[in-house]
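Position 240 (the sequence shown) corresponds to 239 in numbering that gives the first Met the number 0; numbering is contiguous. What follows is a single structure, written as structure tokens, with notes after it.
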Amino acid sequence: MSKKILALRFSAMGDVAMTAPVMKEVLEQNPDTEIIMVSRPFLKPFFDNIPRMTFIGADLNGKHKGFGGLTNLFKELKKLGPYTAVADLHSVLRTFIIDGLFQSTGTKVYRIDKGRKGKKALTKPSKKKFEPLRSTPERYADVFRKIGLDVTLSNQLPSKGSPALKNAELELLGGKTQPWVGIAPFAQHEGKIWGEAKAVALAKMLQEKLNVKVLFFGGPGKEAEILEKCIKEVPNSVNLAGNIKLKEELDIIELLDLMVSMDSANMHMASLRGTECVSIWGATHHYAGFLGYGQSTENIVEISEKELPCRPCSVFGNKPCLRNDYACLDSITPEMVYHKIATALHK
């Protein structure tokens, strides 16, 4: 008997990206199943080319805003049913409202267990319970397992394709005559941001020692302005922030030889396109379960918990530093990151 699952995850960008490889494998292993995925419209490229998946954009700042808007979204989604179940991969107030409306029609709802107790124990100021928690992709997969689907995650990066770039992108990047390394020095919260000065120092080191072309990634606005200044200090580098759409950004990430990212969405975007990522971790820790899907712990750059027992102090990097110095980030040198990159490129 065929199954139709309604999946919900509205934010954050990296968390939404992590749902894609999980649902791709769910669908590969359950050929009688289709998934309707609901998220913010601009995130649609994360789910392109996944067979038996339909993406629905939720305009949460417009027609789907507030209780009335969510009720309208429910009515729109209901027309695409009936559903075997709702897979709530978010478990926040907005999805609870939609869950409740579907439950009132007799549709079963299954929600993610975020493991809040374990994460709280991992990030306590003292007497931490320092052990790896269940990964976020496995937590997503657990929701589909509750529904009754067989799911065994590979935890492997997908094979790379050869995306064709548009003329404007080719003009921006030039031909690929040397290795391309992406650097994404920003994140949503201060506890995860290494800083542009160190990113520039790293970029110069990469060019001098490894002869690579550096591509800087970031968001529009302030990040784009900062990176525009960075490329003036780094010859043969490109600022992609604010210049391309998400689909084109993913295509370029697929062409990279390596991505360098904070604990941020760029790491997860690299995972979507099969690109290895050297990741820099400050206030957060991969034990909380947010390492990019298929990425290797060997490519993590961090200060050990033995050297800094306060790490990790936060699940998301949004708490102020208890020491007031962000030593977890400031102690990571460009040389430390460079050595990880050199090792990864020369495997």
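Even glycine gets a Cβ: it sits at the ideal position worked out from N, Cα and C.
Let me know the secondary structure DSSP gives residue i once reduced to three states.
{"i": "R272", "result": "coil"}
{"i": "Q122", "result": "Contrary to the premise, residue 122 reads as Thr rather than Gln in this sequence. Coil, per DSSP."}
{"i": "I252", "result": "helix"}
{"i": "K78", "result": "coil"}
{"i": "Y139", "result": "helix"}
{"i": "Y337", "result": "helix"}
{"i": "R144", "result": "helix"}
{"i": "R310", "result": "coil"}
{"i": "E189", "result": "helix"}
{"i": "T332", "result": "coil"}
{"i": "Y109", "result": "strand"}
{"i": "K43", "result": "helix"}
{"i": "I299", "result": "strand"}
{"i": "L5", "result": "strand"}
{"i": "L59", "result": "coil"}
{"i": "E33", "result": "strand"}
{"i": "G181", "result": "strand"}
{"i": "N210", "result": "coil"}
{"i": "N235", "result": "coil"}
{"i": "D149", "result": "coil"}
{"i": "D87", "result": "strand"}
For residue i, collect the residues of the same chain with a Cβ closer than 6 Å to its Cβ; drop the 5 residues on either side in sequence, then sort them by chain order.
{"i": "I146", "result": "A84, Y109"}
{"i": "K116", "result": "none"}
{"i": "L42", "result": "V15"}
{"i": "V37", "result": "L7, I55, A57"}
{"i": "E232", "result": "V199"}
If the criterion is Cβ atoms closer than 8 Å, does the pair residue i and residue j meet it?
{"i": "L201", "j": "T32", "result": "no"}
{"i": "A186", "j": "M258", "result": "no"}
{"i": "K191", "j": "A282", "result": "yes"}
{"i": "V213", "j": "I279", "result": "no"}
{"i": "Y286", "j": "L132", "result": "yes"}
{"i": "T135", "j": "M17", "result": "yes"}
{"i": "S153", "j": "E334", "result": "no"}
{"i": "K346", "j": "V300", "result": "no"}
{"i": "Q28", "j": "T104", "result": "no"}
{"i": "I96", "j": "F66", "result": "yes"}
{"i": "K62", "j": "N71", "result": "yes"}
{"i": "A341", "j": "N298", "result": "no"}
Skipping 5 residues on each side, what residues in its chain have a beta carbon closer than 7 Å to that of residue i?
{"i": "E304", "result": "F129, R310"}
{"i": "P44", "result": "L245, K246, L249"}
{"i": "R322", "result": "C309"}
{"i": "S313", "result": "T122, G190, A282, T283"}
{"i": "Q177", "result": "N210, V211, K212"}
{"i": "S330", "result": "I302"}
{"i": "E227", "result": "N238"}
Ignore the nearest five residues each way along the sequence and tell me which others in residue i's own chain have a CB closer than 8 Å to its CB.
{"i": "Y82", "result": "K3, I4, L5, I35, F101, T106"}
{"i": "P296", "result": "At residue 296 the sequence reads Thr, which differs from the Pro that was named. The answer, listed in chain order, is H285, L290."}
{"i": "K159", "result": "E253, R272, G273, T274"}
{"i": "F9", "result": "V15, V37, S38, R39, A57, L59, H89, V91, R93, T94"}
{"i": "M0", "result": "D31"}
{"i": "Y325", "result": "E189, G190, G281, A282"}
{"i": "L164", "result": "L172, E247, D250, I251, L254"}
{"i": "A19", "result": "F45, F46, I49, L271"}
Round the Cβ separation of residue i and residue j to the nearest angstrom and send it over; I've been treating them as touching at under 8 Å.
{"i": "I243", "j": "E195", "result": "Not confirmed; about 19 Å, so no contact."}
{"i": "L255", "j": "V180", "result": "7 Å"}
{"i": "R138", "j": "I111", "result": "5 Å"}
{"i": "Q206", "j": "N235", "result": "6 Å"}
{"i": "A264", "j": "G13", "result": "4 Å"}
{"i": "L307", "j": "C327", "result": "6 Å"}
How about residue i: is its Cβ closer than 7 Å to a heavy atom in the ligand ADP?
{"i": "I97", "result": "In the structure on display, the ligand ADP does not appear, and there are no ligands present to speak of."}
Legend entry - Inter-stretch contact at 8 Å, needing at least 3 Cβ pairs: the segment 206-222 / the segment 133-152: no
Legend entry - Cβ contact check for the segment 285-299 and the segment 261-271: 3 or more pairs under 8 Å: yes
Inset, instruction - Give a yes or no on contact between the segment 160-179 and the segment 229-244, applying the rule of three or more CB pairs nearer than 8 Å. - result: yes
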